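Participant:
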Amino acid sequence: MSDFLQRSCPNCGHKKVSGGVVSKPAAETLSPEELRPFWSGFHDSKLFFSYCRCTACRLLYAPHFFHDEQLADLYSELAPNMEMVPSASLEATQRGYFEAARKADVPGGGYLEIGPDVGYVAAQAAQDGRFDEFWLFEPNRVVHKSLAQAVMPFPARVFADMTDLSPVPDGSIGLAAMIHVLDHLLDPTAMLEQIHAKLRPGGVLMIVTHNEASLLSKVLGPKWPPYCLQHPQLFSPASITAMLEGVGYSSARVARSTNYFPIDFLVKEAGRAIGVKLDRLPAPRASVGLKLGNMITLARV
Ligand SMILES: [Zn+2]
5 MSDFLQRSCP NCGHKKVSGG VVSKPAAETL SPEELRPFWS GFHDSKLFFS YCRCTACRLL
65 YAPHFFHDEQ LADLYSELAP NMEMVPSASL EATQRGYFEA ARKADVPGGG YLEIGPDVGY
125 VAAQAAQDGR FDEFWLFEPN RVVHKSLAQA VMPFPARVFA DMTDLSPVPD GSIGLAAMIH
185 VLDHLLDPTA MLEQIHAKLR PGGVLMIVTH NEASLLSKVL GPKWPPYCLQ HPQLFSPASI
245 TAMLEGVGYS SARVARSTNY FPIDFLVKEA GRAIGVKLDR LPAPRASVGL KLGNMITLAR
305 V
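Residue numbers (my numbering): 5 to 305.
Here you go:
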C-alpha cells in the first residue's frame, strides 16, 4: 500500500480512527493507474479512499490518499469545476456567497481568494468597491487573464501556486475566500494558518465546503457525491469550527448555503445518485435554489 500517502488526522495529528464510509472496492486497494479513470467526471460506480473518523477530534478524513505529486498530475488534466452546470445558475450561487460575506460587515483593504476559478466572487467583490487590491491564487493559468479583467479597475496580483501566500503583506486582507477548496487540500490547517496571518484586524475568512453531517449525506450514504477521489477530508459544522479555533480564529459561524441549479440538471443528477438514468425525462429549464448539503463558514481573526 506504499503507492499512497498515509495520513494522520489533518486537524489534530491523532492516528486512531473509527467508523466511516467505504466504497466497494476501496480506492486504497487499487493502484494509482487503476484509479486514474475515476478521478474526474461521473461514473456508474462510486470509488473513493475510505473515510474514517478521528477518535480525538471527530474530523472525517481519508487516512490513505494520493501524494502531492500524484495530485498535481491528476489536477493538471482536470476540466474546470462544474462545467456541466450552465453559468447563469453558477453565477446565482456565487452571488449568494459574496452576499453572505457583505452582510458580515467585512472591512476594506485587500481581497484574497484561493482557487477563484474565473472570478465570479472576485468580480462581485470588485463591484462592491471596498477592496483596493486583489490577490488571486489560481492554478489554472488559462483563466489568469480573465481573472485580472474580472476585478478591473482594481489591481490584480494573480499567482499559479496555491500553497505559498508569502507575496501578500501580513495584516492587509479584509476578506479572504475559499470556495470548494479546503476539502481538497492535503494540509488544510497550514493554509488556514497562512491566511490568518494575512487578515487585518476584523478581517473575515469565508469558506464554502460540503457538509458531511447534512441530511443529504445521511440519506445517500456512500452515494453522496462529495465522497470522491478529490476530497482528502470532509467537514461538518463542528469539525470546521474546531479546526478554525485550533488555528487561532476567534469566531466561526456556519450556515447552510444555497446552490442554484436548473431543474432539468437536478432531475438527472438525482437519478444518477439513486442509480436511475433519467436523461430523456423532459423537465423545465427553470432554476431553483436548494440547500444541498453545502455550508458557508465565516471566521474572524
Ligand atoms: Zn483529529
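C-beta atoms are modelled at their ideal positions from N, C-alpha and C, and glycine is treated no differently.
Being a predicted model, the structure only gives us computed values, none of them experimental.
Consider the C-beta atom of N15 and the heavy atoms of ligand 1; say whether any pair is separated by less than 6 Å.
Facilitator: Here residue 15 refers to the residue found at position 11 when the sequence shown is read from its first residue. Correct: N15 has its Cβ closer than 6 Å to ligand 1.
Participant: C56: beta carbon under 6 Å from a heavy atom of ligand 1?
Facilitator: Here residue 56 is taken as the residue at index 52 of the sequence shown, counted from 1. Outside the cutoff, so no.
Participant: Consult DSSP for S44 and reduce its assignment to one of helix, strand or coil.
Facilitator: As a working note, residue 44 is residue 40 in the sequence shown. S44: coil per DSSP, three-state reduction.
Participant: Looking at F52 and L233, is the spacing between their C-beta atoms short of 7 Å?
Facilitator: On the sequence shown, position 229 is the one that residue 233 refers to. On the sequence shown, position 48 is the one that residue 52 refers to. Going by C-beta atoms, L233 is nearer than 7 Å to F52.
Participant: Would you mind stating whether E32 and F8 have Cβ atoms separated by less than 7 Å?
Facilitator: Taking the sequence shown and counting its residues from 1, the one referred to as residue 32 is at position 28. Taking the sequence shown and counting its residues from 1, the one referred to as residue 8 is at position 4. The answer is yes: Cβ separation under 7 Å.
Participant: I need the DSSP call for D132, collapsed to helix, strand or coil.
Facilitator: Start at 1 with the first residue of the sequence shown, and residue 132 comes out as number 128. Three-state DSSP puts D132 in a helix.
Participant: In this structure, how does DSSP classify E142 when only helix, strand and coil are distinguished?
Facilitator: Numbered from its first residue, the sequence shown carries residue 142 at position 138. Correct three-state label for E142: coil.
Participant: Would you kindly report the start and end of the unbroken beta strand (DSSP E) that includes G113?
Facilitator: To locate residue 113, count along the sequence shown from 1; it is residue 109. Its beta strand (DSSP E) spans residues G113 to I118.
Participant: Distance check for C58 and L224, CA to CA, integer angstroms please.
Facilitator: By one-based count along the sequence shown, residue 224 stands at place 220. By one-based count along the sequence shown, residue 58 stands at place 54. Straight-line Cα distance between these residues: approximately 22 Å.
Participant: Note down, in chain order, each residue of its chain lying with its Cβ closer than 6 Å to the Cβ of E87, except the 5 sequence neighbours on either side.
Facilitator: In the sequence shown, residue 87 corresponds to position 83, counting from 1. Caution is warranted here: a pLDDT of 48 is assigned to E87, below 50, making its placement in the model unreliable, and the coordinate value is therefore given only provisionally. Excluding positions up to five away in sequence, the list is empty.
Participant: If you check the beta carbons only, do M182 and I118 fall under 7 Å apart?
Facilitator: Residue mapping note: residue 182 aligns to position 178 of the sequence shown, counting from 1. Residue mapping note: residue 118 aligns to position 114 of the sequence shown, counting from 1. A contact, by the Cβ cut-off of 7 Å.
Participant: Helix, strand or coil: how does DSSP classify H68 here?
Facilitator: Translated into positions along the sequence shown, residue 68 becomes position 64. Note: H68 maps to strand in three-state DSSP.
Participant: Evaluate V146 with the Cβ neighbour count: other Cβ atoms within 10 Å of its Cβ, from every protein chain shown; 16 or more gives buried, anything less gives exposed.
Facilitator: Locating residue 146 in the sequence shown gives position 142, counting from the first residue. The residue is exposed, with fewer than 16 neighbouring Cβ atoms inside 10 Å.
Participant: So, is K107 buried or exposed, given that buried needs 16 or more other C-beta atoms within 10 angstroms?
Facilitator: As a working mapping, residue 107 is identified with position 103 in the sequence shown. Exposed, by the Cβ-count rule.
Participant: Helix, strand or coil for P226? Go by DSSP, reduced to three states.
Facilitator: The residue you call residue 226 lines up with position 222 of the sequence shown. Helix, per DSSP.
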